[in-house]
Structure formats: structure tokens, C-alpha cells
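**Student:**
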Ligand code: ADP
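Numbering (full-length UniProt numbering), first residue to last: 1 to 197.
(1) With a cut-off of 9 Å, does the C-beta of residue 183 fall near any C-beta of chain C?
(2) In the DSSP output, what is residue 26 paired with across the bridge?
(3) Could you compute how far the alpha carbon of residue 86 sits from the alpha carbon of residue 26?
(4) Residues in its own chain within less than 6 Å of residue 93 by CB, not counting five upstream and five downstream?
(5) Look at residue 36 and residue 83 and say whether their C-beta atoms are less than 9 Å apart.
(6) How about residue 171 and residue 125: do their beta carbons lie closer than 9 Å?
(7) Which residue from 180, 54, 166 puts its Cα closest to that of residue 29?
(8) Check whether the Cβ of residue 107 lies closer than 8 Å to any heavy atom of the ligand ADP, and answer yes or no.
(9) What do you reckon, is the C-beta of residue 195 under 8 Å from a heavy atom of the ligand ADP?
(10) Looking only at its chain, what residues have a beta carbon closer than 8 Å to the beta carbon of residue 123, apart from the 5 residues adjacent to it on each side?
(11) Sort 4, 196, 139, 32 by Cα distance to residue 157 and report the nearest one.
(12) Please report the distance separating the alpha-carbon of residue 194 from that of residue 181.
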């Protein structure tokens, strides 16, 4: 089937879409354990970006799993397919000129590498939300660690499914050191000179 498909050249391109928004697009790809603080910091970051008149979008794990990825489970293969779809969506949003924040566990190094490849190295910023497992487990904001420990929830990252921390993330936030406003300030600081036209 794919051999009969030819990508159509669009008249308006990424640079025009971004220019009208007076920004350069980027994807801030958050990774970390469940409960690490990805969604919390991602939301606060998007708020800060919007306050700076940036055009943004936030892709969040649970929301995507309720829609585009609702046919997927939590096997290794399904996790890989989940991340592949998110990467393709983020790529479209980059083409639209947006600053995208993604909040997915994205546990496997190779899947994050694929996301970087799909989106393009120039736009991809890996943000490691680093929180030790015992801290995530004590926060347990959704009660999922408790469920996983009791055996009621299988393939849970950190318990019976692997998490591979980034080897060389562009930004590392240690949430035991930085509260949410500090984390946001660090990421905003990193973006200076990278998202202006
Ligand atoms: P994730 O999206 O990584 O699964 P959430 O953002 O849903 O994690 O939950 C993280 C929880 O940890 C929230 O209840 C948040 O208020 C809390 N928390 C405590 N300290 C921090 C911090 N420094 N940064 C981010 N979240 C924190």
C-alpha cells in the first residue's frame, strides 16, 4: 500500500507557520517514573509559556491513552507503539509551529531515540524528571503503586516493567531538589535563545 503514497508538498510550511506565531517550535519531551512530577511540571511550564505569549500544546499520557491510543495496553510492544504515535503527533505540531510539551513515562531508551529521530534532533529537548522510586511510591498520586504492589495492576513501570533513565538528557530536574516553580524556571532558562524567531 505504502508504495502508492507520495507526500504532498504543502504551500505553507513550518517556517511560515512559526513566523506568524513569532517563535521557533520545539518539543519538550518529559520522561520519568509514574508520580515523578511530569504532568505537574508540564502543566506549570505550559502556563509559563502562555504567559510569555507562546503558542503551545500539551500532550499528556492519560489523555492520549483515552483517545488516539485507546486500543493500546502496557505490554512492551504497545508502549513502543504508544510512543511512536505520540512522536508522530508531536512532529505535526512542530510543523504547525507550536511549542509542545509531552508528559509520558516513555520508559525505553530506544523509543525516546526514535521519537528524537521522528521529530528531528533540532527540535527535540529531552527533559528527565528524576525522582527516586521510593519517593514516587510514597507520593502515589493515583494510587497505582499500591495497586501494582498488591498484584492488581500488571506491567507497572518501576515495579514489574523496566524504566531506562536517559543517559544524557538535555535537562535534568531532580524533584527532591527543585520544587515546581524552580523546575519551570530552569526549563524556561534553557529555552532562552532557542524559541525566539
Ligand atoms: P507523573 O505525571 O510523572 O506521573 P504527576 O505530576 O501526576 O506525576 O504527580 C506528581 C505528584 O508529585 C503530584 O502530586 C505533585 O504535586 C507531587 N510533587 C511533589 N513535589 C514535586 C516536585 N518538586 N515536582 C513535581 N511534582 C511534585
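Glycine included, C-beta positions come from ideal geometry on N, C-alpha and C.
**Tutor:** Checking against the coordinates, here is how it stands:
(1) The chain inventory of the structure shown lacks chain C, comprising one protein chain alone.
(2) By 1-based counting over the chain shown, the position of residue 26 is 26. In DSSP, residue 26 forms a bridge with 99.
(3) By one-based count along the chain shown, residue 86 stands at place 86. By one-based count along the chain shown, residue 26 stands at place 26. Looking at the two C-alpha atoms, the distance is approximately 14 Å.
(4) Along the chain shown, read from residue 1 onward, the residue named residue 93 stands at position 93. The residues are 57, 100.
(5) The residue given as residue 36 occupies position 36 in the chain shown. The residue given as residue 83 occupies position 83 in the chain shown. For residue 36 and residue 83, no; Cβs fall outside 9 Å.
(6) Numbered from its first residue, the chain shown carries residue 171 at position 171. Numbered from its first residue, the chain shown carries residue 125 at position 125. Yes, they are a contact pair.
(7) Walking along the chain shown from the start, residue 29 turns up at place 29. For the residues 180, 54, 166, the minimum Cα distance to residue 29 belongs to 166.
(8) Your numbering for residue 107 matches position 107 in the chain shown. No, Cβ of residue 107 sits at least 8 Å from all heavy atoms of the ligand ADP.
(9) Counted from its first residue, the chain shown places residue 195 at position 195. Flag unset: Cβ of residue 195 not near the ligand ADP.
(10) Locating residue 123 in the chain shown gives position 123, counting from the first residue. Taken in chain order, the residues that qualify are 25, 26, 27, 94.
(11) In the chain shown, the residue the question calls residue 157 occupies position 157. Nearest option by C-alpha distance: 32.
(12) The residue labelled residue 194 in the question sits at position 194 within the chain shown. The residue labelled residue 181 in the question sits at position 181 within the chain shown. Roughly 20 Å between the two C-alpha positions.
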